[in-house]
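Visitor: Every number in the numbering used here is 61 more than the matching position in the sequence shown, counting from 1.
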Amino acid sequence: MSFIKAELIALFLIIHSCLLCFGQQNNSPYRITSEMELTLGIGTIVLASGSYVIGDAFSLPSKQSILLLDRADVNRFDRGATYNTSKSARYISDITDYAALSLPLFHLISKNSRRDFGKIVIMSAETMLASTALTLLFKNSIHRPRPLMYNPNVPIESKWKKDNYRSFFSGHTAQTAAMSFFFAQTFSDYHPRSKWKPVIWSACAALPVLTGVMRYEAGKHYWTDVITGYAVGALVGVGIPYLHRVGMKKKKEKLDSAILK
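1) Helix, strand or coil for Gly-84? Go by DSSP, reduced to three states.
2) Identify which residue in Ala-238, Arg-175, Asn-201 has its Cα closest to the Cα of Ile-115.
3) Should Tyr-283 go down as buried or exposed, given a rule of 16 or more other Cβ atoms within 10 Å for buried?
4) Helix, strand or coil: which one does DSSP assign to Tyr-303?
5) Taking the alpha helix (DSSP H) that Arg-137 falls in, what are its first and last residues?
6) Roughly how far, in whole angstroms, is the beta-carbon of Tyr-261 from the beta-carbon of Leu-190, given that I think they are within contact range, below 8 Å?
7) Look up Tyr-283 in the DSSP assignment and say whether it is helix, strand or coil.
8) Express the C-alpha separation of Ser-185 and Met-240 in angstroms, rounding to a whole number.
9) For Pro-259, report the span of its alpha helix (DSSP H) as first-last.
10) Considering only residues of the same chain and omitting the five flanking positions on each side of Leu-304, which have a CB-CB separation below 6 Å?
11) At a Cβ threshold of 9 Å, is Asp-286 touching chain C?
12) When you compare only the Cα positions, how much space is there between Arg-205 and Lys-256?
13) Excluding the 5 residues preceding and the 5 following Phe-248 in the sequence, name in chain order all residues of the same chain whose CB lies nearer than 6 Å to its CB.
14) I'd like the span of the alpha helix (DSSP H) that includes Leu-190, first residue to last.
15) Quick one: using the 10 Å Cβ neighbour count with 16 as the cut-off for buried, is Asn-225 buried or exposed?
16) What residue does the alpha helix (DSSP H) around Phe-244 start on, and which one ends it?
17) Tell me whether Lys-180 is buried or exposed, calling it buried when 16 or more other Cβ atoms sit within 10 Å of its Cβ.
18) At which residues does the alpha helix (DSSP H) containing Val-19 begin and terminate?
19) Kindly list the residues whose CB is nearer than 7 Å to the CB of Arg-276, restricted to its own chain and excluding five residues on each side of it in sequence; keep chain order.
20) Checking the sheet assignment: what are the DSSP bridge partners for Tyr-91?
21) Considering only heavy atoms of the ligand NAP, does any lie closer than 8 Å to the CB of Ala-238?
22) Could you give the first and the last residue of the continuous alpha helix (DSSP H) run that contains Ser-174?
23) Using a threshold of 9 Å, state whether the C-beta atoms of Ala-238 and Val-182 are closer than that.
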């Protein structure tokens, strides 16, 4: 799934679900408010749009300059990625990414979360948007060459693309981590006493690891890209549910009051 399609889908889900769910504040661990959703939705869309502008302004180096790239210039920790070109690993990383995107659907199984599914859709869409926006910001600002750019076995025609200068950080890993940790966190909040929590958290922590390893094996990313993507995605995945927890508004009001005093 391209980042553009992900943004459009997420935006549609936010708008559609907000129309269905505003005012339906039942006994759930989360609270949906127009202030929070508009802030997150508009903020991430503006950030992503600005990132696209930065990306479009980037000009590809000459083919001669690309041919002169030397893997010896890559730090030792990351250098191994420049030898990788596995197509099967790339396909597997796409599959794990799609799998993570579908995780919120498992909330339909439980009665506790099924009746609150509109809120889950809103928050999952915001999680996807935030992860996408942050990824685009770094990719289009840093322009790090992908590992395959240093591989002499890759044809120059395949190298001479703007996308090959968007290595840092791994978008697949970030999105998989964001959606996996989002599911684990929301599952825990809806089922605080469930004996399945350790299993859910372990599985959700492992899925983006697999994605990251596959991106490395595919020659698409370095270890530093993968590790950063994992960290950013996990933070977003846990952060969005935290911001929507019931009681967060009161905590904010108390903090604002303390600051004013």
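In this text, a Cβ means the ideal position worked out from N, Cα and C, and glycines have one as well. Quantities reported herein were computed from a predicted structural model and do not represent experimental measurements.
Guide: In short, the structure shows the following:
1) Caution is warranted here: a pLDDT of 49 is assigned to Gly-84, below 50, making its placement in the model unreliable, and the coordinate value is therefore given only provisionally. Here Gly-84 sits in coil by DSSP.
2) Among Ala-238, Arg-175, Asn-201, the Cα nearest to that of Ile-115 belongs to Asn-201.
3) Note on Tyr-283: 16 or more other CB atoms within 10 angstroms of its CB, so buried under the neighbour-count rule.
4) Residue state, collapsed to three classes: helix.
5) DSSP places Arg-137 in the uninterrupted alpha helix (DSSP H) bounded by 137–140.
6) For the sequence presented, residue 261 should be read as Ile rather than Tyr. Actually they are not in contact, since the Cβ atoms of Ile-261 and Leu-190 sit about 24 Å apart, beyond 8 Å.
7) In this structure, Tyr-283 counts as coil in the three-state DSSP scheme.
8) Annotation: Met-240 to Ser-185 spans about 7 Å, alpha carbon to alpha carbon.
9) Pro-259 -> alpha helix (DSSP H) spans 258–278.
10) The beta carbon of Leu-304 sits closer than 6 Å to no other beta carbon from its chain once the five residues preceding and following it are set aside.
11) In the displayed structure, chain C is absent; only one protein chain is listed.
12) Between Arg-205 and Lys-256, the C-alpha separation is close to 43 Å.
13) Result list for Phe-248: Ile-261, in chain order.
14) From DSSP, the alpha helix (DSSP H) with Leu-190 extends over 178–203.
15) With 16 or more other Cβ atoms within 10 Å, it is buried.
16) Residues 232–251.
17) Residue environment for Lys-180: buried (at least 16 other C-beta atoms within 10 angstroms of its C-beta).
18) Given a span of 62 to 322 for the chain in the structure shown, any question on residue 19 remains unanswerable.
19) Closer than 7 Å at Cβ, skipping near neighbours: Ser-154, Ser-231, His-233, Thr-234, His-282, Val-287.
20) When beta bridges are read from the DSSP output, Tyr-91 appears opposite Arg-306.
21) The model depicted lacks the ligand NAP and carries no ligand whatsoever.
22) Unbroken alpha helix (DSSP H) run through Ser-174: 172–175.
23) With respect to the 9 Å criterion, Ala-238 and Val-182 are not classified as neighbours on the basis of their beta carbons.
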